[in-house]
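Mapped onto the working numbering, the consecutive letters of the sequence shown carry residue numbers 1 to 227.
Just so it is clear, CB atoms sit at the ideal spot from N, CA and C, and this is done for glycine as well.
Small disclaimer: the values here were computed from a predicted structure and weren't measured.
Heads up: the structure comes next, in structure tokens.
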Amino acid sequence: MYFCTVLTAAEIYALIENRRSELGLSQAQLGQLAFGQSNSAAIQNLRRGSSPTADRLSALADALNLELYFGPRRDLTPAPSTTVSGEAFATVARYDAAGAAGDGVINLDGPPVDHLAFSKRWLEQNGISAGDSILINVRGDSMRPSLYDGDLVMIDRRKTQIRSGQIYVFREADALRIKRLEVIPDAAIILRSDNPEHPPEHRTGEAMNAVSQNIVGQVVWSGHKWG
């Protein structure tokens, strides 16, 4: 048997405001992160008792690093953990796969090649579930200077709803690609490279739907090796 708790707009507003205060964000800054517009209209609508749409609530949850949970399935893949000098760590699986910036290689079906440990406190502060995240390498230079060839990126596989301006890993033409995505509602998805030598790519119609339906996850961390 499952039980459902229905929150009122006022209760949702209180939860959002508490989290916003914890993160030190103004309402306008939250609006910019969630919707790309530096205003507080969405928050004020909640305060006045107007219930948000699922899309807007999801965008707010992502911006606040909160989990938007409907139920009943929860995280069924707890990550192995350990303690070092009294601090708890969780491990994230690294796969023999590369995302492009070029032509990516998919090999996520086999076992991981190893695991890297991250502070549980840091993961929680950033809203990252180690069990729902994976690590792969970047291939190519199209995302420089944000991501370099060989960099390691962490992908949160729960975050498959596109938020304009964020970097995502997605499958396209039997390859993994890493791009900054921009959504033009009901019109197109723009694949942007941070390297100005690589022009933006536009996907419309079925190609647009294919991108949105094949998101592996959002890049939430990267590591660069020097020398």
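Span of the alpha helix (DSSP H), counted from its first residue to its last, around residue i
i	result
Ala207	Gly205 to Gln213
Gly47	Reading the sequence as shown, one finds Arg at residue 47 and not Gly. Segment Ala41 to Arg47, the alpha helix (DSSP H) holding Arg47.
Arg121	Lys120 to Gln125
Straight-line Cα distance separating residue j from residue i
i	j	result
Arg203	Arg177	14 Å
Gly223	Leu181	21 Å
Leu191	Glu201	5 Å
Ala93	Asn65	21 Å
Ala173	Ser21	43 Å
Gln213	Gln44	32 Å
Trp122	Asp186	37 Å
Val216	Lys179	12 Å
Reference residue i; option with closest CA among the options
i	options	result
Leu46	Leu57, Asp149, Pro185 and Gly36	Leu57
Gln161	Phe35, Gln29, Ala14 and Ser26	Phe35
Lys159	Asp62, Gln213 and Asp194	Asp62
Gly150	Lys225, Gln29 and Ser38	Lys225
Arg144	His198, Phe170, Thr82 and Ala14	His198
Arg163	Ala210, Pro111 and Leu60	Leu60
Contacts around residue i, its chain only, beta-carbon distance under 7 Å, and the 5 residues preceding and following it disregarded
i	result
Met208	Ala188 and Ile189
Gln32	Ser38
Chain-order list of residues whose beta-carbon lies under 6 Å from that of residue i (same chain, five-residue window excluded)
i	result
Gln218	Asp156, Lys159, Gln166 and Tyr168
Contact test: residue i Cβ vs the ligand NAP heavy atom, cutoff 7 Å
i	result
Ser50	In the structure shown, the ligand NAP is absent, as is every other ligand, since no ligand is present at all.
The segment 138 to 146 / the segment 111 to 119 touching (three or more Cβ pairs under 8 Å)
Touching, no, given that fewer than three Cβ pairs across the two stretches are closer than 8 Å.
Three or more beta-carbon pairs under 8 Å between the segment 41 to 54 and the segment 83 to 93, yes or no?
Cβ pair count under 8 Å is below three, so no.
Would you be able to state if there are at least three C-beta pairs under 8 Å between the segment 128 to 136 and the segment 153 to 167?
Three or more pairs of CB atoms, one per stretch, sit closer than 8 Å, so the segment 153 to 167 contacts the segment 128 to 136.
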